[in-house]
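Written out below as structure tokens is the structure these notes cover.
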């Protein structure tokens, strides 16, 4: 069973071979700290973002199955998005959009 199949089965209350170990991304500051402490190679702390090659390498090193972003894909927002519209400008200059 693939990670995607496993996650979708769980979300649809269907049987899965096991529960996946999933994360939602890494804080860049934490990766730098881990690298300084010698817990991870310094190159894995650089250019590490959702869906990156370094993120996949770090997942393997730590033992995560996947990042939720890679399982669901990139189109997880409204399309088309809402056009911003200023509803009101308040006396202090702030706006309600």
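Numbering (this note's numbering), first residue to last: 1 to 97.
The C-beta atom is built at its ideal place from N, Cα and C for all residues, glycine as well.
* Who are the Cβ neighbours of residue 97 in its own chain at under 8 Å, not counting the five residues just before and after it? -> Translated into the one-based positions of the chain shown, residue 97 becomes position 97. Within the same chain, residue 97 has close Cβ partners 84, 85, 86, 87.
* Beta-carbon proximity check, residue 54 vs residue 23, cutoff 7 Å -> As a working mapping, residue 54 is identified with position 54 in the chain shown. As a working mapping, residue 23 is identified with position 23 in the chain shown. No; because the gap between Cβ atoms is not below 7 Å, this pair is not in contact.
* **residue 90: first and last residue of the uninterrupted alpha helix (DSSP H) it sits in** => Along the chain shown, one-based indexing puts residue 90 at 90. Counting along the chain, residue 90 falls outside any alpha helix (DSSP H), and DSSP gives it neither H nor E.
* Cβ neighbour criterion (16 or more within 10 Å) applied to residue 42 -> Start at 1 with the first residue of the chain shown, and residue 42 comes out as number 42. Exposed is the call here.
* Measure the Cβ-Cβ separation of residue 3 and residue 65 and say whether it is below 7 Å. => In the chain shown, the residue the question calls residue 3 occupies position 3. In the chain shown, the residue the question calls residue 65 occupies position 65. Their beta carbons are under 7 Å apart, which means residue 3 touches residue 65 by this criterion.
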